[in-house]
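Scroll down for the structure; my scribbles are underneath it.
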Amino acid sequence: MPRPTRINVTLEEDDLADLEAWANEHGRPVAGLASFLIKKAIEFAKEKGDFPETNPVKLFKKEED
Numbered sequence: 113m114p115r116p117t118r119i120n121v122t123l124e125e126d127d128l129a130d131l132e133a134w135a136n137e138h139g140r141p142v143a144g145l146a147s148f149l150i151k152k153a154i155e156f157a158k159e160k161g162d163f164p165e166t167n168p169v170k171l172f173k174k175e176e177d
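So, in structure tokens, the structure goes:
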């Protein structure tokens, strides 16, 4: 299983307050809820076809003329 990596996210105060209230309502840490929501957003974007191509072979392959 991949090891989680920490990131920093900057939120407006109102958004943080909403996230804290939501996390508290479900008995979850704010960071845990944020991680869950980001993962779900990525899954949704992939299902919708609105996710960038991340295959490194395709990213760095020169286009043929």
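Residue numbering for the sequence shown follows our numbering, beginning at 113 and increasing consecutively.
C-beta: ideal position from N, C-alpha, C; glycine also.
Same chain, Cβ closer than 7 Å to A146, five either side skipped, listed in chain order: Within the sequence shown, residue 146 is the residue found at index 34, counting from 1. These residues qualify, in order along the chain: V121 and L131.
Reduced DSSP category for L123 - H, G, I as helix; E, B as strand; rest coil: Here residue 123 refers to the residue found at position 11 when the sequence shown is read from its first residue. Note: L123 maps to coil in three-state DSSP.
As assigned by DSSP and simplified to three states, the class of G144: Within the sequence shown, the letter at position 32 stands for residue 144. In the three-state DSSP reduction, G144 falls in the helix class (H, G or I).
Spatial distance of V142 from I154 (CA atoms): By 1-based counting over the sequence shown, the position of residue 142 is 30. By 1-based counting over the sequence shown, the position of residue 154 is 42. Inter-residue distance for V142 and I154 is about 18 Å (C-alpha atoms, whole angstroms).
Local conformation of F156 per DSSP, three classes: Position 44 of the sequence shown, counting from 1, holds the residue named residue 156. Reduced to three states, the DSSP call for F156 is helix.
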